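First the structure, in the form of structure tokens, and then the observations on it.
Number of protein chains: 2
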Amino acid sequence: MKLDIGLVKHLPLFADMADGDIEVMLSHAVSRRIAVGDAVFDQGSPASHFFLLLNGRLKVSQVTPQGEQVIVRMVNPGDLFGIAKALQRTDYPGTALCVSEAVALCWPMDLWSQMIEQNPRLAVTAMTAIGQRLQEAHTRIREISTEDVERRVAHAVLRLSEQAGREEGDGLRIDFPITRQDIAELTGTTLHTVSRILSAWEGRGLVTGGRQKLLVRDVARLRALAENEKSA
Amino acid sequence: MKLDIGLVKHLPLFADMADGDIEVMLSHAVSRRIAVGDAVFDQGSPASHFFLLLNGRLKVSQVTPQGEQVIVRMVNPGDLFGIAKALQRTDYPGTALCVSEAVALCWPMDLWSQMIEQNPRLAVTAMTAIGQRLQEAHTRIREISTEDVERRVAHAVLRLSEQAGREEGDGLRIDFPITRQDIAELTGTTLHTVSRILSAWEGRGLVTGGRQKLLVRDVARLRALAENEKSA
DNA sequence: CGCTGTATTGACAACGTTCAACGGTTGTGG
DNA sequence: CCACAACCGTTGAACGTTGTCAATACAGCG
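Just so you know, the sequences run in chain order A and B.
Under UniProt numbering, the first residue of the first sequence is numbered 1, with each subsequent residue one higher.
Under UniProt numbering, the first residue of the second sequence is numbered 1, with each subsequent residue one higher.
Right, dumping it as structure tokens:
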């Protein structure tokens, strides 16, 4: 089964890579469907493959030694994930769970070093991809350290709507099932507090909730709430 | 002024790089002394150079739009820093302040892409360096999200003692001046709470404080406090 | 010798967690 | 097809950790 170059050519990751090099990469890849609820890999298990998400959404989470869960990030189409080698690890540091019917390309992890060294462009783009994530992580640290819960939740919801917002009626629908618990694990709080905050926002017409659903109705006011000290 | 290869050859960053390649890199580098209190670069200013710390310590911090400060990381000898290009940025995302008399190698930022593409080994080591930082950032997010303040401070102090601990008498001295405020900015709390916690620890013989000083006297019990739910 | 930055400590308030109970929705197995 | 379990969400009340405000003290430095 040959994979079509058109599938990936438009992705930023391959933006300035020669067609020939892309073909070589694809020739080693296998595509795989992932059903909702399936784990692509589990925290602590040996890192056998790395991946590129073509469709759908995943969430990558870690469990603490005390058993609490934290969502490390959402994986969106076009993202590399499971690149443990780049972090100098032999196991996966987190669990990747599918939350929306997905398709991913898979490469054996052995090929990572090889591909990187043969393909300086890939090295650079992979590095900037990780750099991007590092900045997001710092943003999150900044927010958790200095902002109160409501502002953090506002920021998280805004980010979700940017990364996974689909126009719908009079708002932006978060394009995958997401629970209060998920939002809590993204922002370092409890589902109870998230529930209260979303209820309050719904009362003010900022969002519309629902079981595993979230519709942002007023991005502007939500952003004001996220950025200004008080008001909105 | 020619820089000696012996200065850097032992660093992990250059571990598996050919002597010739190292020489080429050094030929473009300039070494620079940095005095305590000096900023190597400022948040938001154009990223003109990237650096390798040879001696001393720096702290990299960011200020939030609301004016609060967060310490992103400490820079230890052997670390690359200011590699904005790797994060796809043209400005520095944080401010690097010298806290302990330092010496760093400096390269013009223009050379980054060039050096990376010519030198796959450098690309790989730089990527793993960033990957390392990403993991640390995730660790911090996990801690801030799930642990109470005392545990977070314990973890932070343990990390400091690993990265910058010098044997002294009956403990490990943090090898640079560090304030309660610094520890607060590392752990997402206030200097008041840190002060209270350190006072309590001092009473139990875990640490010895002092103005901009910190001596860890009982690593084992501190680790127990950091890792076990309750006790110690 | 006074000023600035650092540290300590107390009192108090509050934000958010914890505990608890309940209602609704989805999906499954009898 | 219905009953029930599992999951998700909401909300109230009480509690406590931790931030805020305030006052004091001390060290280093010009």
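Cβ atoms here follow ideal geometry from the backbone N, Cα and C, with glycine treated the same way.
Computed from a predicted structure; not experimentally measured.
In whole angstroms, give me the CA-to-CA distance for serine 145(A) and arginine 180(B).
Taking the first residue of the first sequence as position 1, residue 145(A) is located at position 145. Taking the first residue of the second sequence as position 1, residue 180(B) is located at position 180. If you take the alpha carbons of serine 145(A) and arginine 180(B), they lie about 16 Å apart.
Do phenylalanine 96(A) and valine 63(A) have their C-beta atoms within less than 8 Å of each other?
Mapped onto the first sequence, residue 96(A) falls at position 96. Mapped onto the first sequence, residue 63(A) falls at position 63. Sequence check: residue 96(A) is alanine here, not phenylalanine. No, the pair does not count as a contact, with Cβ atoms beyond the cut-off.
Excluding the 5 residues preceding and the 5 following aspartate 91(B) in the sequence, name in chain order all residues of the same chain whose CB lies nearer than 7 Å to its CB.
Position 91 of the second sequence, counting from 1, holds the residue named residue 91(B). These residues qualify, in order along the chain: Gly44, Ser45, Pro46, Ala47 and Ala84.
Check whether the Cβ of serine 61(A) lies closer than 8 Å to any Cβ atom in chain B.
Within the first sequence, the letter at position 61 stands for residue 61(A). No, no contact with chain B.
Could you have a look at lysine 59(A) and say whether DSSP puts it in helix, strand or coil?
Along the first sequence, one-based indexing puts residue 59(A) at 59. Strand.
Whole runs of the beta strand (DSSP E) within the UniProt domain "Cyclic nucleotide-binding" (13-110) of chain B, excluding any shorter than 3 residues:
30-34, 39-41, 49-63, 69-75 and 95-108
Looking at chain A, which residues of the region 124-138 of chain B have a Cβ within less than 8 Å of any of its Cβ atoms?
Val124, Ala126, Met127, Thr128, Ile130, Gly131, Gln132, Arg133, Leu134, Gln135, Ala137 and His138
Per the contact definition of three or more C-beta pairs closer than 8 Å, is the region 24-44 of chain B in contact with the region 101-113 of chain B?
Touching, per the Cβ criterion.
Between the C-alpha atoms of leucine 214(B) and glutamate 143(A), what's the straight-line distance to the nearest angstrom?
Working through the second sequence from its first residue, we reach residue 214(B) at position 214. Working through the first sequence from its first residue, we reach residue 143(A) at position 143. Leucine 214(B) and glutamate 143(A): Cα-Cα distance of roughly 28 Å.
Is it true that the CB of glutamine 135(A) sits closer than 8 Å to the CB of leucine 80(B)?
Your numbering for residue 80(B) matches position 80 in the second sequence. Your numbering for residue 135(A) matches position 135 in the first sequence. Their beta carbons are not under 8 Å apart, which means leucine 80(B) does not touch glutamine 135(A) by this criterion.
Take the Cβ of serine 161(B) as the centre, count every other Cβ of all protein chains shown within 10 Å, and call the residue buried at 16 or more, exposed below.
Indexing the second sequence from 1 puts residue 161(B) at position 161. Answer is buried; the Cβ neighbour count reaches 16.
Pull up the CB-CB distance for alanine 18(B) and isoleucine 116(A), whole angstroms please, since I reckon it's below 8 Å.
Position 18 of the second sequence holds residue 18(B). Position 116 of the first sequence holds residue 116(A). Actually they do not touch by this definition, with Cβ atoms about 18 Å apart.
Of the residues Val157(A), Thr190(A) and Thr193(A), which one's Cα is nearest the Cα of phenylalanine 176(A)?
Locating residue 176(A) in the first sequence gives position 176, counting from the first residue. Out of Val157(A), Thr190(A) and Thr193(A), Val157(A) has the C-alpha closest to the C-alpha of phenylalanine 176(A).
Just the Cα atoms here: how many angstroms apart are alanine 232(A) and serine 195(A)?
In the first sequence, the residue the question calls residue 232(A) occupies position 232. In the first sequence, the residue the question calls residue 195(A) occupies position 195. The predicted position of alanine 232(A) is uncertain, since its pLDDT is 43 and thus under 50; no value can be drawn from it.
Could you run through the region 66-86 of chain B and flag, in chain order, every residue whose CB is less than 7 Å away from some CB of chain A?
Gln66, Glu68, Val70, Val72 and Ala86
Cβ-based neighbour list, threonine 125(B), same chain, cut-off 6 Å, excluding 5 preceding and 5 following
Within the second sequence, residue 125(B) is the residue found at index 125, counting from 1. Scanning its chain for C-beta atoms nearer than 6 Å, with the 5 sequence neighbours on each side dropped, one finds around threonine 125(B) the residues Leu13, in chain order.
With 16 as the cutoff for other CB atoms within 10 Å, does arginine 166(A) come out buried or exposed?
Indexing the first sequence from 1 puts residue 166(A) at position 166. It is exposed - the Cβ of arginine 166(A) has fewer than 16 other Cβ atoms within 10 Å.
Threonine 208(A) bridges to which residues according to DSSP?
By 1-based counting over the first sequence, the position of residue 208(A) is 208. DSSP lists Leu215(A) as partners of threonine 208(A).
Let me know the secondary structure DSSP gives glutamate 171(A) once reduced to three states.
Working through the first sequence from its first residue, we reach residue 171(A) at position 171. According to the sequence shown, residue 171(A) is glycine rather than glutamate. DSSP places glycine 171(A) within a strand segment (E or B) once states are collapsed to three.
Show which residues of chain A have a CB atom less than 9 Å away from the CB atom of isoleucine 116(B).
On the second sequence, position 116 is the one that residue 116(B) refers to. In chain order: Pro120, Ala123, Val124 and Met127.
Please list the residues of the region 153-180 of chain B that have a C-beta atom closer than 9 Å to any C-beta atom in chain A, keeping them in chain order.
none
Mind checking who arginine 166(A) pairs with in its DSSP beta bridge?
For the purposes of this step, residue 166(A) is taken as residue 166 along the first sequence, with counting starting at 1. Bridge partners of arginine 166(A): Arg173(A).
Could you name the residues of the same chain whose beta carbon sits closer than 7 Å to that of arginine 217(A), not counting the 5 residues immediately before and after it, in chain order?
Numbered from its first residue, the first sequence carries residue 217(A) at position 217. Closer than 7 Å at the Cβ level, and outside the excluded window around arginine 217(A), lie Asp170, Gly171, Gly205, Leu206, Val207 and Thr208.
Min CB distance serine 145(B) to chain A below 8 Å
By 1-based counting over the second sequence, the position of residue 145(B) is 145. Under the Cβ criterion of 8 Å, serine 145(B) is counted among the residues facing chain A.
Check the Cβ of glutamate 227(B) against every Cβ in chain A and list those closer than 8 Å, keeping chain order.
Position 227 of the second sequence holds residue 227(B). Chain A residues near glutamate 227(B): Pro65.
Let me know the secondary structure DSSP gives alanine 232(B) once reduced to three states.
Within the second sequence, the letter at position 232 stands for residue 232(B). A caution first: alanine 232(B) carries a pLDDT of 42, below 50, which makes its placement in the model unreliable, though a value can still be read off. DSSP places alanine 232(B) in coil when its eight states are reduced to three.
Candidates Met127(B), Gln132(B), Leu186(B) and Glu150(B), of which the one nearest alanine 224(B) by Cα:
The sequence position of residue 224(B) within the second sequence is 224, counting from 1. The candidate whose alpha carbon is nearest that of alanine 224(B) is Glu150(B).
Contacting residues, own chain, Cβ-Cβ under 6 Å from leucine 105(B) (five flanking each side not counted):
The residue given as residue 105(B) occupies position 105 in the second sequence. The answer, listed in chain order, is Ala29, Ser31 and Leu52.
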